[in-house]
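Residue numbers (my numbering): 10 to 425. Backbone N, C-alpha and C fix where the C-beta goes; we use that ideal spot for every residue, glycine too. What follows is a single structure, written as structure tokens, with notes after it.
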């Protein structure tokens, strides 16, 4: 198999005043291209044994193709159509827009989605590129038409803005020839897109603040606790990954063993740093039984503080280092995984040698490193806490914890 990933710098960072337009435009690329409608395009790909996906994240728009080596040529023709000649028809834009609006409406009934939307809108104030959902909001999506989509496409999907990764059982010269045949004459569109700088700082609370979103009759409460994190190029990336593995990045992490295994409050508790080109959030989260919402909050904060204040035992540190290091070979087993990893390195302007260096850096992480990054990057006394649940049952018990100021948000204003 051969895996190709074409990436175009910017992604949802380019949304500007139209939240969701990058993700929407990316979803439209394979809804008809090169004179084929969406059904004909999928049929042609299926005939070749190929699969093609389009999408956008915060930092890039991408088109990926997985295809048997024997079918590479004709499949590349289809990929080139999707990238260079998408239909972006008004009829299809309207149809996809209506589907997206229906999905946005459904978010009001999804506690997890509400928690994510509320958390990000608080930690990243208006004017910050991460303030709005990458999927957009109802007003922005409702305003989309083919002219807006075409304008964004012309801005974002251009040759000067592109990187192409190809991984598979073929010689470099052959790969270069196949790519040149489909893209060698692609020109125009101007230079590489300039991603707007971040001019609004993320919000680090002066003191822990709790935000409640009412979901009447919910069987569970969704808890999100966090603050601004760091970007992918942080020099502390390796110790942060090991620290997070200890805290909530694996099944045997402290949060999961505490809230799931010891107390039975949840099916799973986790934590993560969202590493992007600009600092993304740190979030520790779980969906817990309504009747133990307050107790779960106590345990979350207990684990956050213990990791800051106590030296990690040697055996636990070794397990965490091994978990992170041994995950690296597993992420490079298939052509798709190798291509994805290389494309991510390119997105963050990191060299291929980062893979080798990263493994060595993980092995060198010490207990002192864990305490240092925990104290620097975990701020439980200045946390943003979001709880989505049945407030009639949990409001008073949460307030009684005296974690900090308590504010209530309307679900309809969170999921716009």
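key: Inter-residue Cα distance where the pair is residue 421 and residue 117   = 7 angstroms
request  = Classify residue 417 as buried or exposed, calling it buried when 16 or more other Cβ atoms lie within 10 Å of its own Cβ.
outcome  = exposed
Closest by C-alpha distance to residue 30, when choosing among 82, 149, 129, 79 = 149
Residue 204 - DSSP class collapsed to helix/strand/coil = coil
ask   = Cα separation between residue 414 and residue 386?
value = 22 angstroms
query = What is the rounded straight-line gap between the Cα of residue 271 and the Cα of residue 158?
reply = Take the alpha-carbon of residue 271 and the one of residue 158: they are about 50 angstroms apart.
ask   = Between which two residues does the alpha helix (DSSP H) carrying residue 218 extend?
value = Taken as a continuous stretch (DSSP letters only), residue 218 belongs to no alpha helix (DSSP H), being part of the beta strand (DSSP E) at 218 to 223.
query = From which residue to which residue does the beta strand (DSSP E) around residue 18 run?
reply = 11 to 18
ask   = Do residue 356 and residue 63 have their C-beta atoms within less than 9 angstroms of each other?
value = no
inquiry  = Comparing C-alpha positions only, which one of 309, 419, 175 sits nearest to residue 257?
reply    = 309
ask   = With distances taken between CB atoms, is the gap from residue 376 to residue 320 smaller than 9 angstroms?
value = When the beta-carbon positions are compared, residue 376 and residue 320 come within less than 9 angstroms of each other.
task = Give the straight-line distance between the Cα atoms of residue 87 and residue 190, rounded to the nearest whole angstrom.
result = 13 angstroms
message = Taking its Cβ as the centre, do 16 or more other Cβ atoms sit within 10 Å of residue 284, making it buried, or is it exposed?
response = buried
task = Please list the segments of the beta strand (DSSP E) lying wholly inside the stretch 323 to 409, counting only runs of 3 or more residues, in order along the chain.
result = 393 to 398
query = Among the residues of its own chain, which have a CB less than 6 angstroms from the CB of residue 389, if the five just before and after it don't count?
reply = 310, 313, 314
inquiry  = Once the 5 residues before and after residue 25 are set aside, which same chain residues still bring their CB inside 8 angstroms of it?
reply    = 205
request  = Output the boundary residues of the beta strand (DSSP E) element that contains residue 281.
outcome  = 275 to 282
request  = Pair every Cβ in the stretch 44 to 64 with every Cβ in the stretch 106 to 125, then say whether three or more of these pairs are closer than 8 angstroms.
outcome  = no
Residue 40 vs residue 101 beta-carbon contact at 9 angstroms = Contact: yes.
ask   = CA-CA distance, residue 323 and residue 84?
value = 51 angstroms
ask   = Taking the DSSP output, what are the residues bridged to residue 63?
value = 72
query = For residue 100, which of helix, strand or coil comes out of DSSP?
reply = DSSP places residue 100 in the helix class (H, G or I) of the three-state scheme.
inquiry  = By DSSP's criteria, residue 92 is part of a beta bridge. Which residues make up the other side?
reply    = Beta-bridge pairing links residue 92 to no other residue.
request  = Using the Cα positions of residue 269 and residue 227, report the straight-line distance between them to the nearest angstrom.
outcome  = 19 angstroms
Residues sharing a beta bridge with residue 173, DSSP = 15
query = Assuming residue 200 contacts residue 171 under a Cβ cut-off of 8 angstroms, what Cβ separation, rounded to an integer in Å, is found between them?
reply = Incorrect: roughly 12 angstroms between the Cβ atoms, too far for contact.
ask   = Are residue 90 and residue 22 touching if we call contact CB-CB under 9 angstroms?
value = no
inquiry  = Along the chain, where does the beta strand (DSSP E) containing residue 29 start, and where does it finish?
reply    = Unbroken run through residue 29: none, as it is neither H nor E.
task = Check whether the Cβ atoms of residue 240 and residue 208 lie closer than 9 angstroms to each other.
result = The answer is no: Cβ separation not under 9 angstroms.
inquiry  = Buried or exposed for residue 411, going by 16 or more other Cβ atoms inside 10 Å?
reply    = exposed
Buried versus exposed call for residue 329 [16 or more other C-beta atoms within 10 Å across all chains shown] = So residue 329 counts as buried.
ask   = Do you know offhand how far residue 254's Cα is from residue 407's?
value = 28 angstroms
message = In whole angstroms, give me the CA-to-CA distance for residue 156 and residue 187.
response = 32 angstroms
ask   = In the structure shown, what three-state DSSP assignment does residue 319 receive?
value = coil
ask   = What does a CB cutoff of less than 8 angstroms around residue 259 pick up in its chain, not counting 5 residues either side in sequence?
value = Taken in chain order, the residues that qualify are 265, 329, 332.
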